[in-house]
Amino acid sequence: MSGIYIHIPFCKSKCTYCDFASYPKEVSKKEAYFACLYREIEGRGIQCRGKTFDTVYIGGGTPSFVPAKFITGALKQIRKCFTLSENPEITVEINPGTLDREKAEAYFDAGINRFSIGLQTGYDEQLKRLNRIHTAKDFLLCCNLLKGRNISADILIGLADQTAEQVKKTIDLALAGGVSHISVYALTPEPGTPIYTDYLNGALPSDDETADLYDAAANYLKEKGFYRYEVSNFAKKGFESRHNLNYWRRGEYIGAGVSASSFMDGRRFTNTYNIDEYMNAVIVNKFPEISSEKIEGDDAEFEFIMLGLRTFEGISAKKFSELFGHDFFEKYKSQIAKKSAFLDINGDNVRIKDKYLYVQNDIILEFMR
Ligand code: SF4
Numbered sequence: 277m278s279g280i281y282i283h284i285p286f287c288k289s290k291c292t293y294c295d296f297a298s299y300p301k302e303v304s305k306k307e308a309y310f311a312c313l314y315r316e317i318e319g320r321g322i323q324c325r326g327k328t329f330d331t332v333y334i335g336g337g338t339p340s341f342v343p344a345k346f347i348t349g350a351l352k353q354i355r356k357c358f359t360l361s362e363n364p365e366i367t368v369e370i371n372p373g374t375l376d377r378e379k380a381e382a383y384f385d386a387g388i389n390r391f392s393i394g395l396q397t398g399y400d401e402q403l404k405r406l407n408r409i410h411t412a413k414d415f416l417l418c419c420n421l422l423k424g425r426n427i428s429a430d431i432l433i434g435l436a437d438q439t440a441e442q443v444k445k446t447i448d449l450a451l452a453g454g455v456s457h458i459s460v461y462a463l464t465p466e467p468g469t470p471i472y473t474d475y476l477n478g479a480l481p482s483d484d485e486t487a488d489l490y491d492a493a494a495n496y497l498k499e500k501g502f503y504r505y506e507v508s509n510f511a512k513k514g515f516e517s518r519h520n521l522n523y524w525r526r527g528e529y530i531g532a533g534v535s536a537s538s539f540m541d542g543r544r545f546t547n548t549y550n551i552d553e554y555m556n557a558v559i560v561n562k563f564p565e566i567s568s569e570k571i572e573g574d575d576a577e578f579e580f581i582m583l584g585l586r587t588f589e590g591i592s593a594k595k596f597s598e599l600f601g602h603d604f605f606e607k608y609k610s611q612i613a614k615k616s617a618f619l620d621i622n623g624d625n626v627r628i629k630d631k632y633l634y635v636q637n638d639i640i641l642e643f644m645r
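Positions in the sequence shown are counted from 1; adding 276 to them yields the working numbering.
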C-alpha cells in the first residue's frame, strides 16, 4: 500500500494551539501556490513512476477554506500524474464554517469519498478560546451537507477547565453528525503558540488530568461501538483510515506542498515550511526539500516496531523477518520478557494490550535499547 499527501497551508485565522504549516496572512498567494503545487505533483509523479497509490489525503491548513476548484484541480493533476488503485480512499480535511453545498458537490464529483472535520470541542466558549472559526452548530450543518458519506471528526482533550462530561457530550455531538471515525488528540502546548502562555500559567489540565479525560473518551467511544485501532484513533469496524494505517505499517507515501513529508525507497524527506522558499524552488524545477535521510539498519527496525505497536493490529514477526532478515523474538528476547505483562503475543503477532496503549511510549522505548 502507498499514499499521497497534499498540503494546503491556508486557514482563515490561526488557532491558539496551532503549530502546523498554516499561514492565514498568505492567502493572497493561493493562485501562485496552487500553480506550484500542480507542478510539484507532476515532478513527484515522475519520481514515483511504476508505483500504484491507494490513498490520497488532502490536509492542511484548511483545504475547505480555498475555492473548490483548487482542490479538484489538485486531484485532477494527481490522477494525471500518478497511478491510483481501483478504489482509492480520497480524504479532504474540512473546517466547519468553510463548507457550502456547492463545495460539497464539487468534492463528491471529483471522487473525494472521506471527509475529516475538525470539531475539537462541542462547546462554543471553548471553541472561541481556541480561536476556532466555528460553533458547535456549524459542525452539524457541515455534517448535514455530507450526510451519508464517510465522515471523521477530530476532538481535542486537555482544554482549560474541560470535564469528562464535556468530552462525552462532544462525542455525542460528533455521533449526532453521523461520524464513523473519531481521532482524539491530547493538546500539546508548543512553545511559541498563544496557548503556551495558558500552559505556563497553569490554566491547562495536568498530564494526569488529561490522561483521565482521555480514558473517559476511550471508554465512552467503546460503549458507542467504536474500537481503538491506534493510540489516538477510534472507528467503527471497516471505517479505519486506510491512509493512516499505511503510515503505521511503515508503507511508502509521497507528499507535495509546503511542509509535506515523504517516505519512499527507504528515504524520508521533507519540504520547506516557507511558502516563498517553496515556490522559488518549484519554479526552477527543484524539489523544495529541506531534509532527506536514508533510514536503514536498527533505525528502520525500530521505526517498524514503534509504528506497529501504536496500533491495535500490532506487528507481525513474520513480516519483520521478511523485511530485516532476522528473527524478531530472538533479537528482542530480553525486551519482550521485560514487558511481557503489557503485551499480547499470538503466534507471530505482537501487540500492546488495549488497556496499556496509553503507556505505549514506555513500552516502545524498551525496544530502542
Ligand atoms: S484550522 Fe487547523 S491548521 Fe488552521 S490554524 Fe486551526 S489548527 Fe491550525
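All residues carry an ideal CB built from backbone N, CA and C; glycine is no exception. Model, not experiment: these values are computed from the prediction.
Query, Result
"Any non-hydrogen atom of the ligand SF4 closer than 7 angstroms to Cys418 Cβ", "no"
"Cβ pair Tyr333, Gly387 closer than 8 angstroms", "no"
"Those runs of the alpha helix (DSSP H) which lie wholly inside the segment 538-607 and span at least 4 residues", "551-559, 573-585, 593-600, 604-607"
"Residue interval of the beta strand (DSSP E) (run including Ala429)", "426-433"
"Alpha-carbon spacing of Arg315 relative to Asp624, whole angstroms", "44 angstroms"
"Alpha-carbon spacing of Leu422 relative to Ala344, whole angstroms", "15 angstroms"
"Beta-bridge partners of Asp620, as assigned by DSSP", "Arg627"
"Candidates Phe296, Thr292, Leu633: closest to Phe286 by CA position", "Phe296"
"Closest by C-alpha distance to Thr464, when choosing among Ala450, Leu449, Leu435, Ile458", "Leu435"
"Reduced DSSP category for Ile393 - H, G, I as helix; E, B as strand; rest coil", "strand"
"Rounded distance between the beta-carbons of Thr397 and Leu432, thought under 8 angstroms", "6 angstroms"
"Lys306: CB within 7 angstroms of a non-hydrogen atom of the ligand SF4", "no"
"Test item: CB-CB of Tyr293 and Thr469 under 8 angstroms", "yes"
"Nonlocal neighbours in the same chain, by C-beta distance under 8 angstroms from Lys629, ignoring five residues either side", "Phe618, Leu619, Asp620"
"Cut-off 7 angstroms between Cβ atoms - residues of its own chain near Lys570, not counting five sequence neighbours on either side", "Gly542, Arg543"
"Local conformation of Ala462 per DSSP, three classes", "strand"
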